[in-house]
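In my numbering, the protein residues as written are 2 to 283.
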């Protein structure tokens, strides 16, 4: 079943399911992650099957996400995701950008340079290949080839700061980032690290700098920043001044689950952004 079901997330005698608007109990024989029940039991949600399978029961994985009002106008959202405390490579946090429902994610790993739906970016369950390894609680590929990518829903892993913007030409901006993905995918891999994006550079070619360069190419050339939090502050500070745009700041608190530690803020590295962050907060 590839269709999306809308209904109420319930648990009856320990068995979770989605009670559809037609009264049918959907996904009662599938694997529904406990993290969803911890946060949305008894609430209206959407759900559909993913092509990936759970390792424990070899059942298709169900993705569930909350019922939220749909935007009525084209929009862009810039994300600063707080740092993962157990990963050194996450010390500075992470950046991503949503262009009218398509989230562009850029990474040092080839398979994480992608366009991803909002529900998969934020709410994938910690099951199967998305889960952290049972051995170390992090990324690991076992000797038999079983992958644990530890990349379940980002909102379960981190608090996410959102800059929501209306008034941008979403087709133009989206095409800029699609071109960047084409460049990344055509880059020859490193023979010893085929899983890595060989063009990645923390100072010049990272999640933040690719997003920054795309915004500059669009016309927002005042936006600066090498690292995620600095980029987010700079974008917020400058875009709030553009009269033709409607700009809103939102925080998506981390949805706490046992599979993830609490995220933490990364440092501000540009002294100018200390001042800007205080001005923005007023």
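Glycine is no exception: its CB is placed at the ideal position from the N, C-alpha and C atoms.
According to the DSSP assignment, residue 234 belongs to no beta strand (DSSP E) but to the alpha helix (DSSP H) extending over 229–240. When Cβ pairs closer than 8 angstroms are counted between the two stretches, the segment 79–97 is seen not to touch the segment 177–190, the count staying below three. Your pair residue 278 and residue 234 checks out as a contact, with CB atoms roughly 5 angstroms apart and the cut at 8 angstroms.
Taking 9 angstroms as the cut-off, the Cβ atoms of residue 83 and residue 264 count as close. Here the segment 238–245 makes no contact with the segment 100–109; the two share fewer than three CB pairs at distances below 8 angstroms. With the rule of 3 Cβ pairs closer than 8 angstroms, the segment 59–71 counts as touching the segment 26–42.
DSSP, read as helix, strand or coil, puts residue 34 in coil.
Per the coordinates, the alpha-carbon of residue 220 lies some 40 angstroms from the alpha-carbon of residue 149. Check the Cα spacing between residue 228 and each of 167, 209, 79, 282: the tightest is with 209.
The C-beta separation of residue 74 from residue 172 comes to about 14 angstroms, leaving the pair out of contact by the 8 angstroms criterion. If you draw a 10 Å sphere on the C-beta of residue 88, you find fewer than 16 other C-beta atoms in it, and that means exposed. Around the Cβ of residue 216, a 10 Å sphere holds 16 or more other Cβ atoms; the residue is buried.
Between residue 50 and the set 112, 102, 198, 28, the nearest pair of CA atoms involves 28. Excluding the 5 residues flanking it on each side, residue 114 has same chain C-beta neighbours closer than 8 angstroms at 106, 107, 108, 182, 185, 186, 198, in chain order. Annotated as distal: residue 255 and residue 104, with beta-carbon spacing of 9 angstroms or more.
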